[in-house]
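Asks:
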Amino acid sequence: MTQSVVVQVGQCGNQVGCRFWDLALREHAAVNKKGIYDEALSSFFRNVDTRSGDNGPDIDKGKICSLKARALLIDMEEGVVNEILQGPLRDVFDSKQLITDVSGSGNNWAVGHKIYGCQYRENIVEKLRKTAEHCDCLQCFFIIHSMGGGTGSGLGTFVLNLLEEEFPEVYRFVTSVYPSGEDDVITSPYNSVLAMKELNEHADCVLPIENESLFEIVNKIHQMVNSGKLGSTVKPNSLVTSSAGSAKMLQEKPFDAMNNIVANLLLNLTSSARFEGSLNMDLNEISMNLVPFPRLHYLVSSLTPLYTLADVNVPSRRLDQMFSDAFSRDHQLIQADPKHSLYLACALLVRGNVQVSDLRRNIERLKPSLHFVSWNQEGWKTGLCSVPPVGHSHSLLALANNTCVKPTFIELKDRFMKLYKKKAHLHHYLQIDGMEKSCFSEAISSLSDLIEEYNELDATKGGPRIDPSRLKIAV
Amino acid sequence: MSIVTVQLGQCGNQIGHEVFSAFCSDIRGTHGLCSKKENESYQDSCKERFFCEEESGVPAARAVLVDMEPKVISQTLSMAASSGLWKYNSHSHFCQKQGSGNNWANGYSVHGPRHKEAIMNLVQKEAEKCDRLGGFFTIMSMAGGTGSGLGAFVTQCLRDAFPTSFILNHVIWPYGTGEVIVQNYNSVLTLSHLYQSSDALLVHENDVIHKICAQLMNIKQISFRDVNQVIAHQLGSVFQPTHTAGGGSGYSRNPLGDLMEALVPHPEFRMLGLRNIPQVPETSLPYSTFSWPGLIKHLRQMLIANAQMEEGIDWQVRPPQPGSSMPSTNKPLHFNTSIANLVILRGKDVHSVDLGSFQDPSLYTSWLNPQDAFNAWRTPRAFNKYEKSASLVSNSQFLLKPLDSIVGKAWNMFASKAYLHQYTKFGIQEEDFLDCFTTLEQVISSYTNL
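As they're listed, the protein sequences go chains A and B.
Just so you know, we're using the UniProt record's numbering here: the first sequence kicks off at 1 and counts up by one.
Just so you know, we're using the UniProt record's numbering here: the second sequence kicks off at 1 and counts up by one.
Structure, rendered in structure tokens:
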């Protein structure tokens, strides 16, 4: 069994991360009835003997003593991390696994990447090493951050670089929250494009997320709950709603519900690696199957169900509905249109009592309406995990490598160019030590190249299918 | 003679478990109409072949379990142990912490050399426990990373360490519509490598077994367990003890050797397909009766028309007319030419069954005498509750189309260079791929021109 480490950077990264740890604990509590520290738990948690204080030794087996998250919390201002440390999760985090500062990054990628990166480099490396040492077999780093700000974006991508240097064999999955068009941070296009270059070059897989999508999903749930629609009551303990009641939720902590969705994504992504099933799908398999060319590693994710179904024994019809939902835009975590673009590859991770025949039936059903690239007509990767998520009888996570991310990147590029042409706010960046104009031109060029790669693939769509001729053997 | 089984990867281990369970439940089950002495002889032979008597009294499977991650092996071990009827030896397994990531190159070039010694030690130990080693039986899928890549490497090691032993690879072909996106690459790499070191490849296709589950067994929500149990039944119908034609009165002492001798006359042709009839839901068994002439007729037509199961057979397909010297290009379309066939009959009245129709020379290529091209094994002992059961192991064009399809899809992907960076990362280069494609195109060409 392998372990994964979560590195949460910046305000967004830490808020999402916090929700992740809360939901992970709840999921394991529901599955692990005997309180024994097992392999599944060890993938994200250490079991520490805290009787003699926080520096106690790790306990490999036996009863759970004190669970500590395999996490590194990084933020250049203290507010968010402090809140976490005073909240219900305070015992889950090892006080040595935090890196904070006071003044923040001022929404400036260069401050996060160049200044704080330099300043905290050694500290970060040391803490990463420590976390890695506690792992028997470290397989994957999950970085959670946003692209539009300064810390998550700048320092987050700096850490990404570090991870590649220091731990080249360990996979790097990055969950990135992309800014929307109406983002209130004016310089978010700069920050995002500068960060994109790093993601292009150093990440194994990126799961882009857009706040707009999360917001729409949460609204939808809210509507369903309030309208009292038959057969779709939200169970109070389901992992979609947070600990607070759903009615109060949107007013008090609007981001909690949205962050829960992202947290669920990570939980489902790792479920087959943690729990058993008839067709396991490990994290290294995700990267292997979904990334046909090194830079095309941006995956569109969609999750179902987003709200619980009232009955537990769901007849087949409802099961098929789950598959249909996964391919509907309502369930996607970014605003994109995969059905009208080209699929390069698609992965389906199913949890719960679902068998291979259900999977195949639905793939047959949905295939005709999807366009797959000519050299990967049957590009499906499937996984069956027997353990369903808390409060549901089954769930489905779909990850698609699809050219529909192209418009998102094109928009980002346009917003960047609007500012860059006028040289707006550029001086805030260029005055930072280590930042030059070439950083900007390289970044935009990297993004343009990426868009071009997607363009070339799109050009093959719908064209005549000419299979390359096979090798001829002399008879 | 004993056979050592090597279970590789998730698929190999899941199927292996069902196979040993099937053996066990068969020998404990009804023996049909054969004599008690016959039955005892059958049971002893099976036990010697596949199990080792341990002090605890619970027979231990002669098997080595290999996987690169621990979840499946620990499940397999505990499921076997909890049956109370048989188990795996508690030391005969090897696993690591991190799987092969569906990457053939990772399984073959990284895990293989790294763990060669440990794995071969376990195999050696199992081999030494056998009074007489009859050969190796490996179970693997070719779609993933461990079974396929590490499996190919282990097969090579077996060949190097046991140059005179028989090696039979049981290979599972994945569903055509994706289980793994790079399955066609992994398949091409596996098959071409196995062809160098293995004696024969016995193939089961998931699509075919799935159809049997759906249409013959009437299973509504088919799980991998269902598929694996049908596969185990079919394998059992081949490997449970039988009397070979010339073999005297006892049960065959050398099943793998007999199989190879019967079916693999030429090293270029090693792909074996398997058909077993009848297949009915367990609940229907007591109410079903079959006649030998009916079963033989169906089995023969399944061979000729390359049917996957006993329903939906195309009865229009006929062998070419005898007497006319026919170049292969003029043979009737859809006719499945055989190199050699083996029919195994189990149950009531087997000795009276007329198998002359299988010796028809028009079924075969002209290289062998029809008497040599066809073999039959029989036993009056019923198998797995079926009063009558007939299996066909065939070295013919059964797998030509599926093989061609896999190579075609892999080539298509290769031409676009998709995913190649994942393989080159672990040392498998484009030239290696080309070599593998060449090997398989050669095999395809050979089988096409029969």
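Even glycine gets a Cβ: it sits at the ideal position worked out from N, Cα and C.
Nothing here was measured: the structure is a model prediction, and the numbers come from that model.
Can you confirm whether the segment 1-14 of chain B touches the segment 125-133 of chain B when touching is taken to mean that 3 or more C-beta pairs between the two stretches lie within less than 8 angstroms?
Replies: In short, these stretches touch, since the Cβ pair count reaches three.
Asks: May I ask you to report which of helix, strand or coil DSSP gives B/Gly135?
Replies: Three-state DSSP puts B/Gly135 in a strand.
Asks: Pick out whichever of B/Lys87, B/Trp104, B/Ile139, B/His334 has its Cα sitting closest to the Cα of B/Asp432.
Replies: If we check each option's Cα against that of B/Asp432, B/Trp104 comes out closest.
Asks: Pick from B/Asn254, B/Pro278, B/Gly250: whose alpha carbon is nearest that of B/His233?
Replies: Comparing Cα positions, the closest option is B/Pro278.
Asks: Pull up the distance between the alpha-carbon of A/Arg19 and that of A/Lys437, whole angstroms please.
Replies: For A/Arg19 and A/Lys437, the distance between alpha carbons rounds to 38 angstroms.
Asks: When we look at the beta-carbon of B/Ala63 and count the other beta-carbons within 10 Å, is it buried (16 or more) or exposed?
Replies: By the 10 Å Cβ count, B/Ala63 comes out buried.
Asks: According to DSSP, is A/Pro88 part of a helix, a strand, or is it coil?
Replies: Note: A/Pro88 maps to coil in three-state DSSP.
Asks: Around the C-beta of B/Gln308, are 16 or more other C-beta atoms found within 10 angstroms, so that it is buried, or is it exposed?
Replies: Counting Cβ neighbours within 10 Å, B/Gln308 comes out buried, since at least 16 surround it.
Asks: Below 8 angstroms on the Cβ atoms is my guess for B/Arg346 versus B/Phe383; work out the distance and round it to an integer in Å.
Replies: Contact flag correct, Cβ pair sits at about 4 angstroms.
Asks: What residue range does the beta strand (DSSP E) around B/Ile277 cover?
Replies: Unbroken beta strand (DSSP E) run through B/Ile277: 271-277.
Asks: For A/Met1 and chain B, any beta-carbon pair shorter than 8 angstroms?
Replies: Output row for A/Met1: interface = yes.
Asks: Grab me the residues of B/Ala405's own chain with a C-beta within less than 8 angstroms of its C-beta, minus the 5 sequence neighbours each way, in chain order.
Replies: Strictly speaking, residue 405 of chain B in this sequence is Ser, with Ala absent from that position. Counting only Cβ-Cβ distances below 8 angstroms, and skipping sequence neighbours, we find Gly176.
Asks: Let me check understanding here. Comparing Cα to Cα, which of B/Met79, B/Pro380, B/Asn89, B/Ile212 lies closest to B/His17?
Replies: Per the Cα distances, B/Met79.
Asks: Pick out whichever of B/His170, B/Trp173, B/Val343, B/Phe137 has its Cα sitting closest to the Cα of B/Leu158.
Replies: Checking every option, the nearest Cα to that of B/Leu158 belongs to B/Phe137.
Asks: Evaluate contact between the segment 262-282 of chain A and the segment 337-350 of chain A, counting only Cβ atoms and requiring at least three cross-stretch pairs below 8 angstroms.
Replies: Verdict: yes, contact present.
Asks: Identify every residue that forms a DSSP beta bridge with B/Trp377.
Replies: The partner list for B/Trp377 (beta bridge, DSSP) reads B/Ile344.
Asks: With three or more beta-carbon pairs closer than 8 angstroms as the criterion, would you say the segment 428-436 of chain A touches the segment 372-379 of chain B?
Replies: Flag = no, the segment 428-436 of chain A and the segment 372-379 of chain B do not touch.
Asks: Does the separation of the CB atoms of B/Ile181 and A/Gly277 fall below 8 angstroms?
Replies: No, Cβ-Cβ distance for B/Ile181 and A/Gly277 is not below 8 angstroms.
Asks: Report the neighbours of A/Ile36 on chain B: residues whose CB is nearer than 8 angstroms to its CB, in chain order.
Replies: In chain order: nothing, as chain B lies at least about 14 angstroms away.
Asks: Look at A/Leu199 and A/Val206 and say whether their C-beta atoms are less than 8 angstroms apart.
Replies: Yes, the Cβ-Cβ distance between A/Leu199 and A/Val206 is below 8 angstroms.
Asks: In three-state DSSP terms, what is B/Ile444?
Replies: In the structure shown, B/Ile444 sits in a helix (DSSP, three-state: H, G or I).
Asks: Unbroken beta strand (DSSP E) runs of length 3 or more, entirely within the segment 77-161 of chain A: which are they?
Replies: Counting only runs of 3 or more, we get 98-100, 138-146.
Asks: For B/Ala415, which residues in chain A fall below 8 angstroms Cβ to Cβ?
Replies: Going along chain A in sequence order, the residues near B/Ala415 (Cβ under 8 angstroms) are Trp375, Pro468.
Asks: What distance in whole Å lies between the Cβ atoms of A/Arg172 and A/Ile143, which are believed to be in contact at a cut-off of 8 angstroms?
Replies: Between A/Arg172 and A/Ile143 the Cβ distance is about 7 angstroms, and since that is below 8 angstroms, they are a contact.
Asks: I'd like the list of long-range same chain contacts for B/Pro361, defined as Cβ closer than 6 angstroms, with 5 residues on each side in sequence excluded.
Replies: Taken in chain order, the residues that qualify are Pro370.
Asks: Grouping DSSP H, G and I as helix and E and B as strand, with all else coil, what is A/Gly352?
Replies: A/Gly352 falls in the strand class under three-state DSSP.
Asks: How about B/Ala390 and B/Leu272: are their beta carbons less than 8 angstroms apart?
Replies: No; because the gap between Cβ atoms is not below 8 angstroms, this pair is not in contact.
Asks: Closest to B/Phe335 by CA distance: which of B/Ala61, B/Gly12, B/Pro320, B/Ile344 is it?
Replies: It is B/Pro320 whose Cα lies nearest to the Cα of B/Phe335.
Asks: Taking only beta-carbon atoms, is A/Cys137 less than 8 angstroms away from chain B?
Replies: Answer yes: the Cβ-Cβ gap between A/Cys137 and chain B drops below 8 angstroms somewhere.
Asks: Let me confirm a value: B/Ala143 is counted as buried when at least 16 other C-beta atoms fall within 10 Å, else exposed. Which label applies?
Replies: Its Cβ being crowded by 16 or more others within 10 Å, B/Ala143 is buried.
Asks: From B/Val58 to B/Cys46, what does the alpha carbon distance come to, in whole angstroms?
Replies: C-alpha separation (whole angstroms): 15 angstroms.
Asks: What residues from chain A crowd round B/Gly178, counting only those whose CB sits closer than 7 angstroms?
Replies: Here the neighbours are Glu378, Gly379, Trp380, Lys381, Thr382.
Asks: What residues are listed by DSSP as bridge partners for A/Pro208?
Replies: BP columns for A/Pro208 point to A/Ser176.
Asks: For B/Val343, tell me which candidate among B/Glu55, B/Thr379, B/Ala305 has the shortest Cα-Cα distance.
Replies: That would be B/Thr379, whose Cα lies nearest to the Cα of B/Val343.
Asks: May I have the straight-line CA-CA distance separating B/Trp173 from B/Leu400, to the nearest angstrom?
Replies: Taking the straight line joining both Cα atoms gives about 13 angstroms.
Asks: Taking 8 angstroms as the CB-CB limit, is B/Leu355 close to chain A?
Replies: With 8 angstroms as the cut-off, B/Leu355 does not count as an interface residue toward chain A.
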